[in-house]
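A short worksheet on the structure shown next.
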Amino acid sequence: MTSVEVSLKSLLTEVEGSLGAAVVDYNSGMALGTLGGGKDLDLSVAAAGNTDVIRAKMRTMQTLGLKDKIEDILITLGTQYHLIRPATGRSGNGLFIYLVIDKGRSNLAMARHHLKRTEEYLEV
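Per the working numbering, the very first residue in the sequence shown carries number 123; after that it's consecutive.
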């Protein structure tokens, strides 16, 4: 099990092209931790906004009667990928991990793999 800080550092160092990462409580929209970002990527604002994305998808699944779970949500921009992965571990219920990567320098499949592994070992 790894802490939020260690998990975020791991994502930024192991995923080539990482621009920023956050662990977010989607009940409140508050980031429990952020790393990276910058003037063009305010991770606290992005965390709050992506809370709406995950809530909307969960409502839609419930309305449709889907009994499945979200593995991750991918938002593709012109130069970036934004990945959202709900944490399902024993201490992660109600949380998601948010990762932003550079589209030209990153391997999306490897980023998803690292995100999954991070989610499995996250301890809050």
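Built from N, CA and C at the ideal position, the CB exists for glycine as well.
Note that the structure is a prediction, hence the values are computed from the model and not measured.
Contact under 7 Å by Cβ, residue i with residue j
i	j	result
L141	D224	yes
H235	V222	no
G155	V137	no
Between the CA atoms of residue j and residue i - distance to the nearest angstrom
i	j	result
D190	A209	14 Å
V246	A168	20 Å
T182	Y148	16 Å
M152	D174	12 Å
L165	G187	32 Å
I219	T185	24 Å
L244	I206	15 Å
Coil, strand or helix - residue i by DSSP
i	result
V167	helix
L205	strand
S140	strand
Y220	strand
D174	helix
Identity of the residue in the options nearest residue i by Cα
i	options	result
A143	S150, M232, V246 and G159	G159
I176	L186, T198, I192 and T185	I192
N215	E242, K179 and Q202	E242
A201	I195, K238, L230 and D194	The question names Ala, but residue 201 is Thr in the sequence shown. Nearest of I195, K238, L230 and D194 to T201, Cα basis: L230.
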